[in-house]
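Engineer:
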Amino acid sequence: MRLICCVITILIFSGCYNNLKTSKINLSTDDISWQTNDEFPSIDFCDQFKSNFERFSCFKNKLSELILNKIDLESISVNQRLNDTIIVDILIDKRGEISLVNKKINDLIKEQIPNIESILDSAILKLPTVLPAVKTNIGVEVDSTFELPLIIKSS
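So the sequence shown is numbered by my numbering: it starts at 1 and just counts up by one.
1) Taking only the alpha-carbon atoms, compute the straight-line gap between E111 and D93 and give it to the nearest angstrom.
2) Roughly how many whole angstroms lie between the Cα atoms of V56 and F40?
3) At the level of alpha carbons, what is the spacing between V140 and A133?
4) Reducing DSSP to helix, strand and coil, say where K62 ends up.
5) Where do the ends of the alpha helix (DSSP H) carrying E111 lie?
6) Would you tell me roughly how many angstroms separate the C-alpha atoms of E147 and I105, rounded to the nearest one?
7) Does the structure place the stretch 110-130 close enough to the stretch 67-80 that three or more beta carbon pairs sit under 8 Å?
8) What residue does the alpha helix (DSSP H) around I119 start on, and which one ends it?
9) Between which two residues does the beta strand (DSSP E) harbouring D84 extend?
10) Please report the residue range of the beta strand (DSSP E) in which F146 lies.
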């Protein structure tokens, strides 16, 4: 009798184990469009805007402002008036961390501010994390890259 109870108990538990198996979700490439992001990266302040375009414009403006605020402008002196734009390629990873991918700096700026590249690198490293881009159709946070213009003016 004891043997029959043990066998029945083993059969019950092994039957329950089979019902707990997880299934794999298959997403086809048709379900995921990696060409565009459904939600651009953002910061809390820019979430007040309704359209993606307005939110992303706000985000780019605030990010430019944050970068320029991280640069000690008082320590930079130039011999010539500058009125130009530096283009930086920014990567925001799926954790919201910001890194500098590339920078396009013209020769006049490099001549007037020889350490401009290290200044930009340092400023980017000091930035806070942001809200990453999201593929809303599958709810996945993704990496995103974009160009950000930084206007350099001296008087």
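All residues carry an ideal CB built from backbone N, CA and C; glycine is no exception.
None of the values given here were measured: they were computed from a predicted structure.
Structural biologist: Looking at the atomic coordinates:
1) If you draw a straight line from the Cα of E111 to the Cα of D93, it comes to about 32 Å.
2) In the sequence under discussion, the amino acid at residue 56 is Phe, which differs from the Val named in the question. Between F56 and F40, the C-alpha separation is close to 6 Å.
3) The straight-line gap from Cα to Cα measures roughly 9 Å.
4) It is helical.
5) If you look at E111, you'll find it in the alpha helix (DSSP H) that goes 107-112.
6) Rounded to the nearest whole angstrom, the CA to CA distance from E147 to I105 is 13 Å.
7) Touching, yes.
8) Per DSSP, I119 is one residue of the alpha helix (DSSP H) stretching across 116-125.
9) Per DSSP, the unbroken beta strand (DSSP E) holding D84 starts and ends at 83-92.
10) Segment 144-153, the beta strand (DSSP E) holding F146.
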